[in-house]
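> For reference, each letter of the sequence shown is one residue, going 7 to 153 in the working numbering.
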Amino acid sequence: MEIEQEIPQLHFRNEHHKAIVNIIFTANWLQEKIRQFLTPEDITAQQYNILRIVHASAVPLSTLQIRAQMLDKMSDTSRMVDRLAAKKLLEKRMATNDKRKVAIYLTAEGVGVLHRIEARIHELDAMVAALSVEDAQLLNGLLNAIR
Numbered sequence: 007m008e009i010e011q012e013i014p015q016l017h018f019r020n021e022h023h024k025a026i027v028n029i030i031f032t033a034n035w036l037q038e039k040i041r042q043f044l045t046p047e048d049i050t051a052q053q054y055n056i057l058r059i060v061h062a063s064a065v066p067l068s069t070l071q072i073r074a075q076m077l078d079k080m081s082d083t084s085r086m087v088d089r090l091a092a093k094k095l096l097e098k099r100m101a102t103n104d105k106r107k108v109a110i111y112l113t114a115e116g117v118g119v120l121h122r123i124e125a126r127i128h129e130l131d132a133m134v135a136a137l138s139v140e141d142a143q144l145l146n147g148l149l150n151a152i153r
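1. In the DSSP assignment, what residue or residues form a beta bridge with Glu97?
2. Alpha carbon to alpha carbon, how far is Gly118 from Pro14?
3. Touch check for the segment 126 to 145 and the segment 98 to 107: three-plus C-beta pairs under 8 Å?
4. Any idea which residues DSSP pairs Leu67 with across the strands?
5. If you run the structure through DSSP and keep just helix, strand and coil, what is Gln15?
6. Does the segment 76 to 88 touch the segment 55 to 65, meaning 3 or more C-beta pairs lie closer than 8 Å?
7. Distance, Cα to Cα, Val61 vs Leu120?
8. Taking the Cβ atom as the reference point for each residue, do Leu130 and Lys39 lie within a distance shorter than 9 Å?
9. My assumption, with CB atoms under 8 Å, is that Lys98 sits in contact with Thr113. Please give the rounded CB distance.
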């Protein structure tokens, strides 16, 4: 559906303004779909991102290392790690080489959450299934050009 039908706005200053509005609208739409997708696991998109980052690492990570890899650089990573630890999805231990640092580990429960999400990941892919591979590549290039 065209952006003009999604948000009844008939006039944009120019095509660049329309593109900005369309990107913001689409980002919000995607965020809501992802929120709904993650609701059964009782985690947020940022928490899912943290679980994936920790899972992908061959070694335990510090909060700073996790923050450096986050999609949302403004996230309060320490608070989110604490929440995930309270849910028993992550474990915090003192680093063996520096007692001032905390090492973050994924628990078996955290791995279970990631496996359940992975079993349904096709639902996320379906959100952009209207795009061909070529269109997705073009979109990725255009978004990279904006940044």
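All residues carry an ideal CB built from backbone N, CA and C; glycine is no exception.
With the structure as the only source:
1. Translated into positions along the sequence shown, residue 97 becomes position 91. According to DSSP, Glu97 bridges with Tyr111.
2. In the sequence shown, residue 118 corresponds to position 112, counting from 1. In the sequence shown, residue 14 corresponds to position 8, counting from 1. In a straight line, the C-alpha of Gly118 is about 43 Å away from that of Pro14.
3. no
4. By 1-based counting over the sequence shown, the position of residue 67 is 61. For Leu67, which the question treats as bridged, DSSP gives the partners Ile110.
5. One-based indexing of the sequence shown puts residue 15 at position 9. Gln15: coil per DSSP, three-state reduction.
6. yes
7. Along the sequence shown, one-based indexing puts residue 61 at 55. Along the sequence shown, one-based indexing puts residue 120 at 114. First, the residue type needs correcting, since residue 61 is His and not Val in the sequence shown. Cα to Cα, the separation comes out at about 9 Å.
8. The residue given as residue 130 occupies position 124 in the sequence shown. The residue given as residue 39 occupies position 33 in the sequence shown. Closer than 9 Å, so yes.
9. Along the sequence shown, one-based indexing puts residue 98 at 92. Along the sequence shown, one-based indexing puts residue 113 at 107. That belief does not hold up - the Cβ atoms of Lys98 and Thr113 are roughly 11 Å apart, past 8 Å.
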